[in-house]
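One structure is given here, and the rest of the page talks about it.
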Amino acid sequence: MRTVKATGVAVSAALAGVGALHAVWAVAPWPLRTPEEFADTLVGAGDELPPAAACLAVAGLLGTAAYLVAAEAGALPPVGPRRLRRAGVRAVSGVMLARGIGGLALFGNVVERSERFTRLNTRYYSPLCLALGAGAAVVARAGAGEPSQ
């Protein structure tokens, strides 16, 4: 169970960190200098920041995902029925795995993106999503060992 808890903490921390970045991106291109550089590096198209509402929505979803993974791993107090939390963690896993696989298959091949984004996506963004999806799957499968509700 320690491995599941450690995996959940790591996945949850990464999701929370990426969520915090999305919240920052609602108002600034940090750590990049300009909206154009942001678009080239993190979106791969356009020349401005995504809409603030979209960034905040993603930040909220990532924060919720971070909580669900941490609670299912036993790192945070659980709220609500376990079956709903576990379903949520399975959804997190599925979305992350889909982004990872889809990013590798689509970006730069089917969907036109900048060379910089395509390179970063192949090296970092998609592999991170695959790792987070796999980690969330481990947590969803094993959970914290509490009885089902």
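Residue numbers (the working numbering): 3 to 151. In this text, a Cβ means the ideal position worked out from N, Cα and C, and glycines have one as well.
Every candidate beta strand (DSSP E) stretch fails here, since none sits fully inside the region 46-110 while reaching 3 residues. For residue 36, the closest of 51, 4, 78, 143 by C-alpha to C-alpha distance is 51.
Judged by DSSP secondary structure, residue 39 falls within the alpha helix (DSSP H) whose first and last residues are 37-40.
Residue burial annotation: residue 98 is buried, with at least 16 other C-beta atoms found within 10 angstroms of its C-beta. For residue 27, the uninterrupted alpha helix (DSSP H) segment begins and ends at 4-27. Spanning the alpha carbons of residue 48 and residue 4 requires a straight line of approximately 44 Å. Three or more pairs of CB atoms, one per stretch, sit closer than 8 Å, so the region 5-14 contacts the region 73-82. From the listed residues 126, 111, 92, 83, the smallest Cα separation to residue 102 is found for 126.
Shown here, residue 112 sits in coil according to DSSP, grouped into three states, outside any helix or strand. Here the C-alpha atom of residue 58 lies approximately 14 Å from the C-alpha atom of residue 19. Looking at the backbone, the Cα of residue 31 and that of residue 24 are separated by about 10 Å. DSSP places residue 33 in the coil class of the three-state scheme, outside both helix and strand.
A distance below 8 Å separates the beta carbons of residue 68 and residue 21. Residue 95 and residue 138 do touch by the CB rule: their CB atoms are close to 4 Å apart, below 8 Å. Relative to the Cα of residue 131, the nearest Cα in the group 33, 104, 43 belongs to 104.
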